[in-house]
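Residue numbers (our numbering): 28 to 609.
Note that beta-carbon positions come from the ideal geometry of N, C-alpha and C, so glycine has one too.
Worksheet for the structure shown next.
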Amino acid sequence: MEYSSTGSSRWALPIILVCFLVVLLSNNVVFASHKVFIHLQSESAVNVQTVGRTGYHFQPEKHWINDPNAPMYFNGVYHLFYQYNPNGSVWGNIVWAHSVSKDLINWINLEPAIYPSKPFDQFGTWSGSATILPGNKPIILYTGIIDANKTQVQCYAVPANISDPYLREWIKPDNNPLIVPDVSINKTQFRDPTTAWMGQDGHWRIIIGGGRKKRGLAIMYRSKDFMKWVKAKHPLHSTNGTGNWECPDFYPVSLQGTNGLEQYGEQHKYVLTNNMDVTRFAYYTIGKYDTKKDRFIPDAGSVDSWKGLRLDYGNFYATKSFYDPSKNRRVIWAWANESDIVPDDDIAKGWAGIQLIPRKVWLDPSGKQLVQWPVEELDTLRAQKVQLTNKVLTNGEKVQVTGITPAQADVEVTFSFASLDKAEAFDPSWVDLYAQDVCALKGSNVQGGLGPFGLATLASQNLEENTPVFFRVFKAQQNYKVLMCSDATRSTLKHNETMYKPSFAGYVDVDLAANKKLSLRSLIDNSVVESFGAGGKTCITSRVYPTLAINEKAHLFAFNNGTEPITIETLDAWSMGKAKIN
Numbered sequence: 028m029e030y031s032s033t034g035s036s037r038w039a040l041p042i043i044l045v046c047f048l049v050v051l052l053s054n055n056v057v058f059a060s061h062k063v064f065i066h067l068q069s070e071s072a073v074n075v076q077t078v079g080r081t082g083y084h085f086q087p088e089k090h091w092i093n094d095p096n097a098p099m100y101f102n103g104v105y106h107l108f109y110q111y112n113p114n115g116s117v118w119g120n121i122v123w124a125h126s127v128s129k130d131l132i133n134w135i136n137l138e139p140a141i142y143p144s145k146p147f148d149q150f151g152t153w154s155g156s157a158t159i160l161p162g163n164k165p166i167i168l169y170t171g172i173i174d175a176n177k178t179q180v181q182c183y184a185v186p187a188n189i190s191d192p193y194l195r196e197w198i199k200p201d202n203n204p205l206i207v208p209d210v211s212i213n214k215t216q217f218r219d220p221t222t223a224w225m226g227q228d229g230h231w232r233i234i235i236g237g238g239r240k241k242r243g244l245a246i247m248y249r250s251k252d253f254m255k256w257v258k259a260k261h262p263l264h265s266t267n268g269t270g271n272w273e274c275p276d277f278y279p280v281s282l283q284g285t286n287g288l289e290q291y292g293e294q295h296k297y298v299l300t301n302n303m304d305v306t307r308f309a310y311y312t313i314g315k316y317d318t319k320k321d322r323f324i325p326d327a328g329s330v331d332s333w334k335g336l337r338l339d340y341g342n343f344y345a346t347k348s349f350y351d352p353s354k355n356r357r358v359i360w361a362w363a364n365e366s367d368i369v370p371d372d373d374i375a376k377g378w379a380g381i382q383l384i385p386r387k388v389w390l391d392p393s394g395k396q397l398v399q400w401p402v403e404e405l406d407t408l409r410a411q412k413v414q415l416t417n418k419v420l421t422n423g424e425k426v427q428v429t430g431i432t433p434a435q436a437d438v439e440v441t442f443s444f445a446s447l448d449k450a451e452a453f454d455p456s457w458v459d460l461y462a463q464d465v466c467a468l469k470g471s472n473v474q475g476g477l478g479p480f481g482l483a484t485l486a487s488q489n490l491e492e493n494t495p496v497f498f499r500v501f502k503a504q505q506n507y508k509v510l511m512c513s514d515a516t517r518s519t520l521k522h523n524e525t526m527y528k529p530s531f532a533g534y535v536d537v538d539l540a541a542n543k544k545l546s547l548r549s550l551i552d553n554s555v556v557e558s559f560g561a562g563g564k565t566c567i568t569s570r571v572y573p574t575l576a577i578n579e580k581a582h583l584f585a586f587n588n589g590t591e592p593i594t595i596e597t598l599d600a601w602s603m604g605k606a607k608i609n
């Protein structure tokens with residue numbers, strides 16, 4: 028993945044942005060103008076600040092991280108590779124850091140696995156994927172930067188010692204690179220090869236993210252032996268008007284149940300994920316895979332653009348999934364960057380970026396969308412528990428959740444309501460707006476009919492600071508629309524000029540006429556709130572930096588600011604322990 032001058036904090040190789048002028052446009056695109064300070068790349072952390080550091084999310088001891096690379100399960104061990112700057116807290120000097128785990132939660136940090144050292148990657152070792160070849164042999168494909176013009180090529184690495192349970196050392200053979208861009212490809216937008224899959228003809232296939240003018244591309248290559256690759260005549264898929272695609276992912280999902288799939292066949296549904304360089308969001312489309320023509324065909328009604336489905340409607344990018352054979356599941360990783368705009372803040376903290384909690388992902392029974400849920404291993408960190416049941420909240424009422432550590436918690440709540448009659452009318456002029464725009468208009472303090480109701484997370488005692496995660500129900504012409512928001516606009520008293528504080532939001536596809544209930548789970552971890560609506564149908568992640576609501580001074584409330592009474596049927600909340608990362 029590359030850092031460009033567009034995005035809330037993505038910077039061009041080899042320079043670093045030191046200040047931003049951020050403007051949130053109506054189409055949810057964040058543009059940044061910047062001033063360049065090369066020396067910040069190697070300004071090592073003097074002191075590592077503990078305020079805001081996460082307790083149970085993956086985060087190295089210090090310095091910058093971004094994309095999760097090549098997650099895999101091999102011989103009983105989970106491997107996570109990720110983009111890391113060993114010398115500073117801003118992007119630069121990128122290597123493939125490497126950590127291993129038995130449970131996806133507690134990690135052992137190893138020496139970097141891949142770093143610039145050869146002519147074919149001397150200017151950068153960027154994102155890629157892992158594949159387990161026949162004979163139980165892992166191989167990594169990654170993007171190398173071959174020259175100062177940022178020409179991108181695809182390279183491979185293999186373990187130096189396959190008997191080492193941690194695969195500490197990796198070798199980059201001299202027959203690299205395996206794939207170089209031809210004249211039809213934009214050589215500076217040609218990166219992030221996927222995990223390979225084998226077709227019915229016995230040939231391997233991968234896709235590589237790219238862009239041509241404003242068209243996003245999933246460029247396909249085939250190989251008989253994994254060494255010699257030939258570009259297909261057409262991409263697996265492409266879409267006009269989306270811009271460059273980064274970190275593509277392509278995998279099958281079962282039509283029934285929650286188990287993952289490893290084999291690629293026409294009897295399954297397929298997911299094509301693209302992280303779009305312009306908008307900074309991770310989108311996905313569900314469809315069919317024509318194995319004879321090597322074409323992905325989106326289902327009717329599966330929107331294939333910026334208006335399409337997102338894996339997460341917040342700070343969630345550079346996604347990468349893998350099949351976990353130990354538990355027969357598909358697991359997805361993603362990175363969340365910092366939301367403080369000025370890099371000087373990250374240098375002062377001594378760190379920047381986290382990996383989000385890995386999520387199990389499967390196809391919803393409707394066949395129209397994915398469902399995501401934190402991996403079950405996270406539950407092992409649950410400690411002190413409190414519970415509320417059958418608590419009614421009238422208009423303007425809130426209840427504090429006490430007895431846990433609100434700054435580092437896991438909360439599951441089910442709300443119910445007796446009637447839909449008070450749902451507000453959905454304004455027809457909002458049809459062309461993104462959910463995020465509607466949330467900005469209809470925040471948690473704006474009284475409604477059915478909602479807003481939800482959780483006020485990382486809140487100060489008097490709510491000067493809080494990040495509300497909430498629902499609001501609207502009555503459209505033929506159905507009800509459920510808006511879910513994670514609103515960071517009041518998350519901190521820090522100045523708006525130095526903080527990016529958006530009202531992230533998405534719609535939740537549920538049938539309230541059949542079941543007048545909405546569930547919410549929020550993972551709260553000091554400077555991040557990951558939320559899962561309706562059992563994981565809609566997910567939103569926010570990065571926030573309170574100044575009052577920190578550590579033991581943080582509070583958690585459930586609230587209702589709608590005229591329809593809301594019942595908390597059940598609320599279970601746990602203090603969360605600290606993950607071991609060493």
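Evaluate residue i with the Cβ neighbour count: other Cβ atoms within 10 Å of its Cβ, from every protein chain shown; 16 or more gives buried, anything less gives exposed.
{"i": "Lys528", "result": "buried"}
{"i": "Asn542", "result": "exposed"}
{"i": "Met28", "result": "buried"}
{"i": "His264", "result": "buried"}
{"i": "Gly328", "result": "exposed"}
{"i": "Pro208", "result": "buried"}
{"i": "Ser456", "result": "exposed"}
{"i": "Val555", "result": "buried"}
{"i": "Lys347", "result": "buried"}
{"i": "Val537", "result": "buried"}
{"i": "Glu557", "result": "buried"}
{"i": "Pro479", "result": "buried"}
{"i": "Ala157", "result": "buried"}
Return the Cβ separation of residue i and residue j in integer angstroms, given the expectation that the two are a contact with Cβ distance under 8 Å.
{"i": "Leu510", "j": "Cys566", "result": "About 14 Å separates the two Cβ atoms, so there is no contact after all."}
{"i": "Leu338", "j": "Thr300", "result": "7 Å"}
{"i": "Asn553", "j": "Gln435", "result": "6 Å"}
{"i": "Gly171", "j": "Asp148", "result": "3 Å"}
{"i": "Pro592", "j": "Leu477", "result": "About 10 Å; that fails the 8 Å criterion."}
{"i": "Val330", "j": "Gly563", "result": "Contact doesn't hold; Cβ gap of about 20 Å is too wide."}
By DSSP, does residue i sit in helix, in strand, or in coil?
{"i": "Ser156", "result": "strand"}
{"i": "Asn578", "result": "helix"}
{"i": "Val473", "result": "coil"}
{"i": "Ser393", "result": "coil"}
{"i": "Pro455", "result": "helix"}
{"i": "Gln110", "result": "strand"}
{"i": "Pro385", "result": "coil"}
{"i": "Leu408", "result": "helix"}
{"i": "Cys141", "result": "It should be pointed out that residue 141 corresponds to Ile in this sequence rather than to Cys. Looking at Ile141 - three-state DSSP - the assignment turns out to be strand."}
{"i": "Lys544", "result": "strand"}
{"i": "Asn523", "result": "helix"}
{"i": "Leu468", "result": "helix"}
{"i": "Ala375", "result": "helix"}
{"i": "Gln290", "result": "coil"}
{"i": "Glu88", "result": "coil"}
Nearest CA to the CA of residue i: which residue from the options?
{"i": "Tyr344", "options": "Ser154, Asn542, Asp148, Arg242", "result": "Ser154"}
{"i": "Pro87", "options": "Ala72, Asn267, Phe101, Ala97", "result": "Ala72"}
{"i": "Val438", "options": "Glu492, Leu547, His522, Cys512", "result": "Leu547"}
{"i": "Trp197", "options": "Ile206, Ala187, Ala445", "result": "Ala187"}
{"i": "Ser530", "options": "Lys145, Gln463, Arg499, Thr81", "result": "Gln463"}
{"i": "Asn112", "options": "Val104, Thr152, Gly103", "result": "Thr152"}
{"i": "Gln382", "options": "Leu415, Lys89, Ala361, Val398", "result": "Ala361"}
{"i": "Asp321", "options": "Gln227, Asn472, Ile121, Leu397", "result": "Gln227"}
{"i": "Glu424", "options": "Pro325, Thr590, Met247", "result": "Thr590"}
{"i": "Gly430", "options": "Asp317, Glu579, Glu70", "result": "Glu579"}
Are the beta-carbon atoms belonging to residue i and residue j less than 8 Å from one another?
{"i": "Pro165", "j": "Leu137", "result": "no"}
{"i": "Gln179", "j": "Lys214", "result": "yes"}
{"i": "Tyr310", "j": "Met303", "result": "yes"}
{"i": "Leu539", "j": "Tyr507", "result": "yes"}
{"i": "Asn609", "j": "Ile92", "result": "no"}
{"i": "Ser518", "j": "Val571", "result": "yes"}
{"i": "Leu168", "j": "Pro220", "result": "yes"}
{"i": "Thr614", "j": "Thr441", "result": "With the chain covering 28 to 609 only, the question about residue 614 has no answer from this structure."}
{"i": "Leu583", "j": "Leu482", "result": "yes"}
{"i": "Thr432", "j": "Ile132", "result": "no"}
{"i": "Tyr105", "j": "Pro95", "result": "no"}
{"i": "Lys241", "j": "Asn267", "result": "yes"}
Say yes only if the C-beta of residue i is nearer than 7 Å to one or more non-hydrogen atoms of the ligand PLP, and no if none qualify.
{"i": "Lys319", "result": "Of the ligands one can find in the structure shown there are none, so the ligand PLP has no counterpart to examine."}
Taking 8 Å as the CB-CB limit, is residue i close to chain B?
{"i": "Tyr100", "result": "Of the chains in the structure shown, none is chain B; there is only one protein chain."}
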